[in-house]
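Numbering (my numbering), first residue to last: 136 to 425.
Reading through the C-alpha cells given below for one structure.
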C-alpha cells in the first residue's frame with residue numbers, strides 16, 4: 136500500500152494515467168475538435184459553390200426551356216446562381232467542420248453606419264470603374280458580363296423591369312455578402328486582417344467572370360471587407376451592395392447600347408473625390424454594439 140491511496144484505486148483518474156475501460160463498459164466517442172478555415176479551403180468553397188451554381192442554372196435553363204436571347208430568362212438565370220453559391224460554400228465548410236460565422240448582427244448596427252455604407256461604396260465604385268475601364272482599354276477586351284446584364288435588362292418587358300432591377304439588387308447583395316464577407320472573411324480572421332480582406336476580395340473578383348468586371352469587383356470587395364471588419368457585421372455591406380447594384384442596374388436600364396459598349400472612365404477629379412468619400416465613410420463607421 137502506497138502513501139497515496141488514490142494511486143492504488145483504479146477508479147480514480149490521475150493526470151497522465153492511461154485508464155483502460157472495463158469489458159462491456161460504455162465509452163462515449165471523443166468529439167472531434169472544430170476545423171479551421173484555411174485560404175485553400177476558402178477557395179475550394181468558392182469553386183464548389185460557383186460550380187454548383189452553374190450546374191443548377193444549367194439544369195434550370197434546360198428544364199424550363201429558357202432562351203439565351205430572352206432578357207427575363209437571363210435575369211432569372213443570374214439570380215438562380217446566387218443561392219447555390221452560398222449553399223455550396225456552406226457545405227464545404229461544414230464538411231471541414233469549420234464553424235459558420237456569418238455576422239448577421241443586424242439589430243446592433245448603428246444607423247449612421249447603415250447610412251454611410253452605401254455612400255462609401257458608391258465612392259469606391261468610381262475608383263473601381265476607373266480601374267476596370269483602364270483594364271478594358273489596355274487589354275482591348277470588353278466586359279461580356281456587363282453587356283449581357285445591360286442587354287437583358289433592356290429586353291425585359293416594361294412591366295417587369297422594376298422587379299428585375301430589384302432582383303439583381305437584393306439577391307446578390309444578400310447571398311454574396313453572406314458568402315464572401317460572412318463565411319470567408321469571418322473564418323479567415325485568425326490569419327490576420329490583411330489575409331481576411333484579400334482572399335475574399337480576390338474570390339469576389341474572380342466570381343464576376345471577366346477581367347473588366349472582376350477588377351471593379353475586387354475594389355468593391357476590399358471596401359466591403361473593411362466595412363465588415365470595422366462594423367462587425369455584414370448588414371452594412373448587404374445594404375451598400377444592394378444600393379450599388381440598384382444604381383448600376385437603373386443606369387444600365389436607361390443607358391443606350393452605344394453608351395454601354397463605349398464605357399468611359401470618370402474624370403481623375405471624380406475618382407479622387409470617390410476615394411476620399413470611401414475613406415471618410417469607413418473612418419466614420421461605428422462597430423456594432425455588443
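Every residue gets a Cβ at the ideal spot worked out from N, C-alpha and C, and that includes glycine.
Three-state secondary structure assigned by DSSP to residue i
i           : result
residue 343 : coil
residue 145 : Any reading at residue 145 must be qualified, since the residue scores a pLDDT of 49, below 50, and its modelled position is unreliable; no value is offered.
residue 365 : helix
residue 409 : helix
residue 311 : helix
residue 150 : Any answer about residue 150 is weak, because its pLDDT of 49 lies below 50 and its placement is not dependable; what the coordinates show is given next. In this structure, residue 150 counts as coil in the three-state DSSP scheme.
residue 200 : coil
residue 325 : helix
residue 172 : coil
residue 422 : coil
residue 401 : coil
Whole-Å CB distance - residue i paired with residue j, under 8 Å assumed
i           : j           : result
residue 250 : residue 300 : Not a contact, Cβ separation roughly 22 Å.
residue 103 : residue 332 : Missing from the structure shown is residue 103; the chain here goes from 136 to 425 and no further.
residue 184 : residue 314 : 7 Å
residue 374 : residue 253 : 6 Å
residue 359 : residue 256 : 7 Å
residue 209 : residue 283 : 6 Å
residue 171 : residue 233 : 7 Å
residue 246 : residue 347 : That pair is no contact at about 35 Å.
residue 338 : residue 181 : 4 Å
residue 288 : residue 388 : 5 Å
residue 239 : residue 302 : Not a contact, Cβ separation roughly 21 Å.
residue 297 : residue 174 : With 8 Å as the limit, residue 297 and residue 174 do not qualify as a contact, their Cβ atoms being about 40 Å apart.
Beta-carbon proximity list for residue i, same chain, < 6 Å, skipping 5 on both sides
i           : result
residue 216 : 188 and 192
residue 378 : 253
residue 336 : 353, 356, 357 and 360
Beta-carbon contacts of residue i that lie in its chain and below 7 Å, excluding the five residues immediately before and after
i           : result
residue 179 : 227
residue 365 : 417, 420 and 422
residue 196 : 212
residue 237 : 313, 317, 318, 321 and 369
residue 349 : 340, 341 and 343
Same chain, Cβ closer than 8 Å to residue i, neighbours up to 5 away in sequence not counted
i           : result
residue 229 : 235
residue 198 : none
residue 413 : 255, 256, 258, 259, 262 and 358
Report task. Kindly provide the ranges of any alpha helix (DSSP H) runs that are 4 or more residues long and lie completely inside the segment 215 to 301, ordered along the chain. Result -> Within the segment 215 to 301, the complete alpha helix (DSSP H) runs of at least 4 residues are 217 to 230, 246 to 274 and 279 to 290.
Query - Meets three-Cβ-pair contact criterion under 8 Å: the segment 399 to 418 and the segment 336 to 346 - result: Short answer: they don't touch.
Report task. Answer yes if the segment 252 to 260 comes into contact with the segment 371 to 386, meaning at least three C-beta pairs across the two stretches below 8 Å, and no otherwise. Result -> Yes, they touch.
Query raised in the report: How do the segment 316 to 326 and the segment 361 to 376 stand: do at least 3 beta-carbon pairs fall below 8 Å, yes or no?
Result: The segment 316 to 326, when compared against the segment 361 to 376, does touch it at the 8 Å Cβ threshold.
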